[in-house]
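Colleague: Be aware that the sequence shown starts at 1, since it is given in this note's numbering, and climbs by one per residue. Note that the Cβ used here is the ideal one computed from N, Cα and C, for glycine as well. Bear in mind that the values here come from a model prediction, so they are computed numbers and not experimental data. I'd like to ask some things about the structure below.
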Amino acid sequence: MTKLPLKPPVLPQLARSKPDLPIGDQWSYEPKYDGFRAIVFVEGEPSMIQSRGGKSLGRYFPELRFPKGRYVVDGEIVIDDPDGGQDFDALQNRIHPATSRINMLAEQTPAHFVAFDLLACGDESWLERPFSERRAQLEALAPGELILTPLTTAPDEAEPWLRSGEGVVAKDCNAPYRPGERTGMMKIKRQRTIDAVVVGWRPGKEPDTVGSLILGLYDDAGKLHVVGHSSGLKAAEKRALVGKLAPYETGERGHGDPSRWQSERELEWISLRPELIVEVTF
1 MTKLPLKPPV
11 LPQLARSKPD
21 LPIGDQWSYE
31 PKYDGFRAIV
41 FVEGEPSMIQ
51 SRGGKSLGRY
61 FPELRFPKGR
71 YVVDGEIVID
81 DPDGGQDFDA
91 LQNRIHPATS
101 RINMLAEQTP
111 AHFVAFDLLA
121 CGDESWLERP
131 FSERRAQLEA
141 LAPGELILTP
151 LTTAPDEAEP
161 WLRSGEGVVA
171 KDCNAPYRPG
181 ERTGMMKIKR
191 QRTIDAVVVG
201 WRPGKEPDTV
211 GSLILGLYDD
221 AGKLHVVGHS
231 SGLKAAEKRA
241 LVGKLAPYET
251 GERGHGDPSR
261 WQSERELEWI
271 SLRPELIVEV
281 TF
């Protein structure tokens, strides 16, 4: 038997982040998953399951089975949660050195593979073919045996994935598959907002700048808890915030524990009175 035209590692094609769905006849839309990206090479047993970074994932998911044949597919390993989404924490727990634990979790929280692209079939590489052809061949590959991601070409049909799922992946139906490149694909993440209390701030790396805001939320009993910090502040905002936050400072300062990743200055914090409210997008 001849070998597959592609052999691991094959880097997955990546998506550019965009705030809105692209509109046009060339676009198709799929739900975005909260799982492990994987490329699967099938030509006998066992199949080779490759991670996004090129490592083998097969030993961590012994329950995964693939229809017989000779093909290479791109997709996502997921574990469903009771609410219809994906349980990423349960998925991360599967990466464990003990085989006994892996086998136990495979029974308790089984994973499944959702395919969304075809990279090779038989002796032929399909990388240069447009996505529309790759998708059609993927649907014909093993009907009823291989779980395929839903797909639509209607933007309004993709909107529910933005409202209640992880988001949407938009693909150019005319584009080839480019391993490792951010081309031909866009990801539009579901955005949620919440009002948070600014309880402090950390200095930036540059003098007289704010690196991040320390954020808190009240629980049902009215107790304030620190829940995280902001990111993505622009340079002008970092400078302007120092003066805006000064009137709310309590005079209390402190430091976290330095690590190999962060210096003592990066972990310095300045406490604020809990009077400022910000809307956080996440």
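When we look at the beta-carbon of ARG94 and count the other beta-carbons within 10 Å, is it buried (16 or more) or exposed?
Modeller: buried
Colleague: Does the beta-carbon distance from GLU284 to ARG190 come in below 8 Å?
Modeller: A question about residue 284 goes unanswered here, because the residues of the chain that appear run from 1 up to 282.
Colleague: Taking the alpha-carbon positions, what's the ILE270 to PHE88 distance?
Modeller: Approximately 34 Å between the Cα atoms of the pair.
Colleague: Could you check the C-alpha separation between LEU119 and GLN13 for me, to the nearest Å?
Modeller: 11 Å
Colleague: Between GLU139 and the rest of its own chain, which residues show a CB-CB distance below 8 Å, the 5 nearest in sequence each way excluded?
Modeller: LEU148
Colleague: Just to confirm, is the Cβ distance from GLY69 to VAL114 under 8 Å?
Modeller: no
Colleague: How about VAL226 and GLY216: are their beta carbons less than 8 Å apart?
Modeller: yes
Colleague: For PRO110, which residues of its own chain have a beta-carbon under 8 Å away from its beta-carbon, when the five flanking residues on both sides are left out?
Modeller: GLU63 and ILE79
Colleague: Assuming the contact rule is C-beta atoms closer than 8 Å, ILE23 and PRO155 should be a hit. Round their C-beta distance to whole Å, please.
Modeller: 6 Å
Colleague: Would you report the Cα separation of VAL73 and ASP117, rounded to the nearest angstrom?
Modeller: 6 Å
Colleague: Which first and last residues belong to the alpha helix (DSSP H) in which SER47 is found?
Modeller: Run containing SER47: none; DSSP gives neither H nor E here.
Colleague: Who are the near neighbours of LEU6 in its chain, counting only those whose CB is closer than 7 Å to its CB and skipping five residues on each side?
Modeller: VAL72, LEU119, ALA120 and SER125
Colleague: Checking 8 Å against the spacing of the C-beta atoms, do TYR29 and LEU21 come in under that value?
Modeller: yes
Colleague: Assign VAL10 to one of three DSSP states: helix, strand, or coil.
Modeller: coil
Colleague: Please determine, among ASP25, GLY53 and GLY85, the residue with the shortest C-alpha to C-alpha distance to GLY180.
Modeller: GLY53
Colleague: Would you check whether the ligand SAH has a heavy atom nearer than 7 Å to the C-beta of ALA236?
Modeller: Among the components of this structure there are no ligands whatsoever, and the ligand SAH is therefore not found.
Colleague: Determine the direct distance from the alpha carbon of TYR177 to that of TRP161, and round the result to whole angstroms.
Modeller: 24 Å
Colleague: From this set, TRP201, ALA221 and ARG253, which residue's C-alpha is nearest LYS238's C-alpha?
Modeller: TRP201
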